[in-house]
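Down below is the structure, laid out as structure tokens.
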Amino acid sequence: MRAIPVFLLTFCCVFINISPASAWGEKGHNATARVAQKHLTKCAERKITRLLDGHNMAYWSSWADGLRSYPEYDFIRTWHYANVEDGGDYASEPKLPTGDVYTAVEKCVEVLKSDNCDSVKSVYLKMLIHFVGDMHCPMHAGRASDRGGNGYTVTFRGRKTNLHSLWDSALLDGAHVWSAAEWAENIEPRMTRRQRKAMAAGTPMDWMEQTVDIADEIYDGTPQNEDLNWDYINKYSPLIEEQLLEGGLRLAKMLNELF
Ligand SMILES: [Zn+2]
């Protein structure tokens, strides 16, 4: 991977605007980061806040999506997703030479564990917050043949859209008229420490394969010839809530271990 000059990283961190783009949508990323923030240890939170220029994780959670228009960040263009064909699994699928969401998470962890300077770690921390969210977004483990559901046309509440966009944001907004803060607040039931630990268990590879299985199930459960409405929302909103919650708890677990 190309090295990024430190002055450029500092420039980018300070001046790049965050623009809402694809992937969970800004709301899902924000909610994931908010869940994670609640479960940081005091020590981890202090170090993380310093690397995030005094902001919380939600503030930076969609930052990596806004980097798409910056040529110096071309190297992360394919880091938001992985493609797995029907019935396949991530581990045995041919890999993108430019990296995918799984290798992105691994790369971010590697940099955060290294002795790189804080300005570099700051960039990779902001990316990790985002890519753990993407890793739990089902259509980010979709099929290459339809560009992760972008070419899979569906009708949702009378409007033509596609499976990717439906799962990034339309289904969230259809399920609950909540802000990101309300999502984070409301999706976490009262749980014992043991239950929380069980939800956060596993490795990034396990989480990736789980999302691949979920994507498969969604393809099978999403007819293209009918108007998806409350039946679909009721069927799948618990799954969205679980993916956001697990993404947040797992991100917190990773960060507590790293910091
Ligand atoms: Zn993304």
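Note that our numbering has the sequence shown beginning at 1251, numbered continuously upward.
Each residue gets a CB set at the ideal place from its N, CA and C atoms; glycine is no exception.
Looking at A1314 and ligand 2, is the gap between the Cβ and the nearest heavy atom below 8 Å?
This structure lacks ligand 2; its bound ligands are ligand 1.
Neighbourhood of D1477 by C-beta, 8 Å cutoff - its chain only, sequence neighbours within 5 removed:
The residue you call residue 1477 lines up with position 227 of the sequence shown. Around D1477: T1405, F1406, R1407 and G1408.
Which partner residues does V1404 have in the DSSP bridge list?
Indexing the sequence shown from 1 puts residue 1404 at position 154. V1404 is bridged to T1411.
Between G1349, C1387 and T1453, which lies nearest to K1277 when the distance is taken from Cα to Cα?
As a first step, residue 1277 is located in the sequence shown; it is residue number 27 there, counting from the start. The residue with the shortest Cα to Cα distance from K1277 is C1387.
With DSSP collapsed to three states, give me the class of L1478.
Numbered from 1 along the sequence shown, position 228 holds the residue referred to as residue 1478. Three-state DSSP puts L1478 in a strand.
By the 10 Å Cβ neighbour count, where 16 or more other Cβ atoms means buried, how is M1441 classified, buried or exposed?
Here residue 1441 refers to the residue found at position 191 of the sequence shown. With fewer than 16 Cβ atoms within 10 Å of its Cβ, M1441 is classed as exposed.
Quick one: any contact between the segment 1338-1356 and the segment 1457-1467, if contact means 3 or more CB pairs under 8 Å?
yes
Where the alpha helix (DSSP H) containing T1299 begins and where it ends:
Indexing the sequence shown from 1 puts residue 1299 at position 49. That run of the alpha helix (DSSP H) goes K1292 to L1301.
Pull up the CB-CB distance for H1390 and D1396, whole angstroms please, since I reckon it's below 8 Å.
Walking along the sequence shown from the start, residue 1390 turns up at place 140. Walking along the sequence shown from the start, residue 1396 turns up at place 146. That pair is no contact at about 13 Å.
Give every residue of the same chain whose Cβ lies closer than 7 Å to the Cβ of E1438, excluding the five residues on either side of it in the sequence, and list them in chain order.
Sequence index remark: in the sequence shown, residue 1438 carries index 188 (1-based). Hits under 7 Å: V1285 and L1495.
Within the same chain, show all residues whose beta-carbon is closer than 8 Å to that of E1343, passing over the 5 residues directly before and after it, in chain order.
For this step, residue 1343 is matched to residue 93 along the sequence shown. Cβ neighbours of E1343 beyond the five flanking positions: A1332, N1333, V1334 and E1335.
Using CA coordinates, which residue listed in G1304, Y1374, G1337 and T1291 is at the minimum distance from Y1323?
Locating residue 1323 in the sequence shown gives position 73, counting from the first residue. Closest option to Y1323, Cα to Cα, is Y1374.
Closer than 8 Å: is that where the CB of H1390 sits relative to any heavy atom of ligand 1?
Working through the sequence shown from its first residue, we reach residue 1390 at position 140. Yes, since a heavy atom of ligand 1 falls inside the 8 Å radius drawn around the Cβ of H1390.
V1355 vs P1454 beta-carbon contact at 9 Å
Reading the sequence shown from its first residue, position 105 is the one you call residue 1355. Reading the sequence shown from its first residue, position 204 is the one you call residue 1454. Contact flag set, yes.
Throw me the rounded Cβ distance for the F1381 and C1367 pair, which I believe falls under 8 Å.
On the sequence shown, position 131 is the one that residue 1381 refers to. On the sequence shown, position 117 is the one that residue 1367 refers to. Between C1367 and F1381 the Cβ distance is about 21 Å, and since that is not below 8 Å, they are no contact.
Ligand 1 heavy atoms versus the CB of H1380: any closer than 8 Å?
Taking the sequence shown and counting its residues from 1, one reaches residue 1380 at position 130. It does: the Cβ of H1380 is within 8 Å (strictly closer) of some heavy atom of ligand 1.
Where does C1367 fall in DSSP's three states?
On the sequence shown, residue 1367 is found 117 positions in, with the first residue counted as 1. Of the three classes helix, strand and coil, the one that applies to C1367 here is coil, per DSSP.
For P1488, which option in R1300, H1426, S1311 and H1414 has the closest C-alpha, if you only look at C-alpha atoms?
Indexing the sequence shown from 1 puts residue 1488 at position 238. With distances taken between Cα atoms, P1488 lies closest to H1426.
Identify which residue in G1275, A1281 and I1298 has its Cα closest to the Cα of N1540.
As displayed, the chain neither begins before 1251 nor continues past 1509, which places residue 1540 out of reach and without an answer.
Flag G1338 as yes when its Cβ comes closer than 8 Å to any non-hydrogen atom of ligand 1, and as no otherwise.
The residue labelled residue 1338 in the question sits at position 88 within the sequence shown. The answer is no for G1338.
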